[in-house]
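Chemist: Residue numbers 69 to 456, in the working numbering, belong to the letters of the sequence shown in order.
The beta carbon of each residue, even a glycine, is placed where N, CA and C say it ideally should be.
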Amino acid sequence: MRARFLSLLLVPACLSSPDGVAKSWPPPLATVDVAAIVTGDLDGDGTSDAVILVAGTAATGAGAYFVKGGTDLVASSDAPIKSFTSYRAIADVGEQASGTFTTIGGTPAAIFAYEANNQLQMTAFEKAELTIAGDHATALPLASGQLVAVRPIAFPGSNIRLAVISGDDVHHADLSNFASTAFAVNPMPAANLGAWHEPQVVTSFASGADQVAAVASRMSIDTSTIPTKPPEQGGMFTWSNVRTGAAWIGQTAADLGTGREAVIGFAPGAGGAGQLCAIDPSTAGAGACVATMIMAPSDVAVLAGKIDTDAMTDVAIVQGGSSGAIVQFAPNPVLSGSTLGGPTLLPAKATPITNARAALYSNGVLLVGKDGATACVGLMIGAVGACK
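(1) Using 8 Å as the threshold, is the segment 209-225 in touch with the segment 249-263, meaning 3 or more CB pairs across them?
(2) State the DSSP-derived secondary structure class of Thr128, mapped to helix, strand or coil.
(3) Kindly give me the distance between the Cβ atoms of Leu110 and Phe134, rounded to whole angstroms, as I take these residues to be in contact under 8 Å.
(4) Mind pulling the beta strand (DSSP E) runs of 3 or more residues that sit fully within the segment 149-237?
(5) Going by alpha carbons, who is nearest to Thr412 out of Ala205, Asn400, Ser145 and Ser116?
(6) Does the distance from the C-beta atom of Leu447 to that of Ile385 stay below 8 Å?
(7) Does DSSP classify Ser308 as helix, strand or coil?
(8) On the CB-based measure, 16 or more other CB atoms within 10 Å of its CB, does His204 come out buried or exposed?
(9) Could you tell me the alpha carbon to alpha carbon distance between Gly112 and Ile289, rounded to whole angstroms?
(10) Do Ala364 and Ala356 have their C-beta atoms closer together than 8 Å?
(11) Helix or strand or just coil, what does DSSP make of Leu110?
(12) Tell me whether Pro299 is buried or exposed, calling it buried when 16 or more other Cβ atoms sit within 10 Å of its Cβ.
(13) To the nearest angstrom, how far is the alpha carbon of Gln268 from that of Trp93?
(14) Quick check on the DSSP output: what are the complete beta strand (DSSP E) runs of length 3 or more inside the segment 262-330, in order along the chain?
(15) Taking buried to mean at least 16 other C-beta atoms within 10 Å of its own C-beta, is Asp146 buried or exposed?
(16) Can you give the Cα-Cα distance for Pro349 and Ala263, rounded to whole angstroms?
(17) Please list the terminal residues of the continuous beta strand (DSSP E) segment that includes Ile347.
(18) By a C-beta neighbour count over all protein chains shown, 10 Å radius and 16 as the cutoff for buried, is Met287 buried or exposed?
(19) If Gln387 and Val368 are in contact, beta carbons under 8 Å, what's the gap, nearest whole angstrom?
(20) Could you check where the beta strand (DSSP E) with Asp117 kicks off and where it finishes?
(21) Give me whichever residues DSSP pairs with Leu371 in a beta bridge.
(22) Less than 8 Å separating the beta-carbons of Thr419 and Ala451?
(23) Out of Gly235, Trp307 and Glu197, point me to the one whose CA is closest to Val213's CA.
(24) Mind checking which residues open and close the beta strand (DSSP E) that includes Ser404?
(25) Quick check: what's the CA-CA separation for Gly318 versus Leu243?
(26) Rounded to a whole number of angstroms, what is the C-alpha to C-alpha distance between Gly437 and Gly124?
(27) How about Gly405: is its Cβ closer than 7 Å to a heavy atom in the ligand ATP?
(28) With a cut-off of 8 Å on the beta carbons, I'd call Ser154 and Ala196 a contact; round off their distance for me.
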């Protein structure tokens, strides 16, 4: 860790003026190449913050930037992010990256998984100072253009672990060990010890006394009871297919009224608008879909969470790309068998943010372009509006 973060004490001085003027966003002396964004209350003051991961090298401003909610980040502004509070330089960050907001030992943390020197690196940051709570070279190879994803999932015994996707590899790791040198990623091998094919999200659900993992790939979903013993004691994943069919991209997982997480994705249209689709991974089938206004065949992310002021899960579909970002909300979708009911999709909202990274924030979607430009698209009850 020492070598990777050796420049910490030197670089911040280059990104702010010596007289203590607040650091502006985008950083004026950095080459901004935004790779990922995570939102959550990192400093524990009751207001959600943002942590932005910038690709490149420490000499070009690569690293993590803490953006304090309500101070650096005012969601109702036309350009919500005006400044950053602190910066933690990283020696090498690739553009393939993903992040998640969680807790490590009860302390809020932003965890990023990203490419560094052609392998997957994982780093956790805590508090406004971006204290490093673990930094690990996983030795997992990562080729150019391959997907990176990381999120917490439940394992047997109320054990929360990190599910990690690196290209066509799926692993899991003990979240409670993240700050320890004992931290290790463990394989979740595909059926017959084969390879996964474009995995996108991992979730899990309870089934009687068992906990079942679900790996959602671009064109399939497979489930297996999570073994409670290590492989050397006979504990093995045994996979069964529950979906094979049309390609779903930008997948995520969230509870859509079933009491367990559904897999949610975007099915691109054949020359037209695509569909928002979901499936309960505990039941085999094709899934349920509704039409959207999103036309893109790729570069789409699906976000899910409590966005507006009611208590139900909402879904946002975000189309990125070099022409600007488009956001369409599906409020309160409810999955029941082969029907995705409830959502009346709202009109899509176009923004000028190019090559956007997106995260839920306040009552909407916070967009941060690869060049650092920002916008926020809000969801009111039954309408698209301003973020608060």
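Modeler: This is what the structure gives:
(1) The segment 209-225, when compared against the segment 249-263, does not touch it at the 8 Å Cβ threshold.
(2) Helix, per DSSP.
(3) At roughly 7 Å, the Cβ-Cβ gap stays under 8 Å, so Leu110 and Phe134 are in contact.
(4) Within the segment 149-237, the complete beta strand (DSSP E) runs of at least 3 residues fall at 154-157, 165-172, 175-184, 187-194, 199-209, 216-223 and 227-234.
(5) Nearest in C-alpha terms to Thr412, of all of Ala205, Asn400, Ser145 and Ser116, is Asn400.
(6) It is not a contact, given that the beta carbons lie outside the stated cut-off.
(7) It is a strand residue.
(8) Result: buried.
(9) The C-alpha of Gly112 lies about 37 Å from the C-alpha of Ile289.
(10) At the C-beta level, Ala364 and Ala356 stay beyond 8 Å of one another.
(11) Three-state result, Leu110: coil.
(12) Pro299 is exposed by the Cβ-count criterion.
(13) Between Gln268 and Trp93, the C-alpha separation is close to 31 Å.
(14) The qualifying runs are 267-275, 278-285, 288-293, 308-312 and 317-323.
(15) Under this definition Asp146 is an exposed residue.
(16) The C-alpha of Ala263 is placed about 20 Å away from the C-alpha of Pro349.
(17) Bounds of the beta strand (DSSP E) holding Ile347 are Gln343 to Ile347.
(18) Met287 is exposed by the Cβ-count criterion.
(19) Taking the Cβ atoms as the reference, Gln387 lies roughly 5 Å from Val368, within the contact range of under 8 Å.
(20) For Asp117, the uninterrupted beta strand (DSSP E) run begins and ends at Asp117 to Val122, by DSSP.
(21) DSSP output for Leu371 lists Ala384 as bridge partner(s).
(22) In this structure, Ala451 does not lie closer than 8 Å to Thr419 by Cβ.
(23) One detail in the question is off: residue 213 reads as Gly in this sequence, not Val. The shortest Cα separation from Gly213 among Gly235, Trp307 and Glu197 belongs to Gly235.
(24) Counting along the chain, the unbroken beta strand (DSSP E) around Ser404 starts and ends at Val402 to Ser404.
(25) Per the coordinates, the alpha-carbon of Gly318 lies some 24 Å from the alpha-carbon of Leu243.
(26) In this model, Gly437 and Gly124 are separated by some 15 Å (Cα to Cα).
(27) With respect to small molecules bound, the structure shown includes none, and the ligand ATP cannot be examined in it.
(28) Between Ser154 and Ala196 a beta carbon distance of about 6 Å is seen, short of the 8 Å cut, so the two are scored as contacting.
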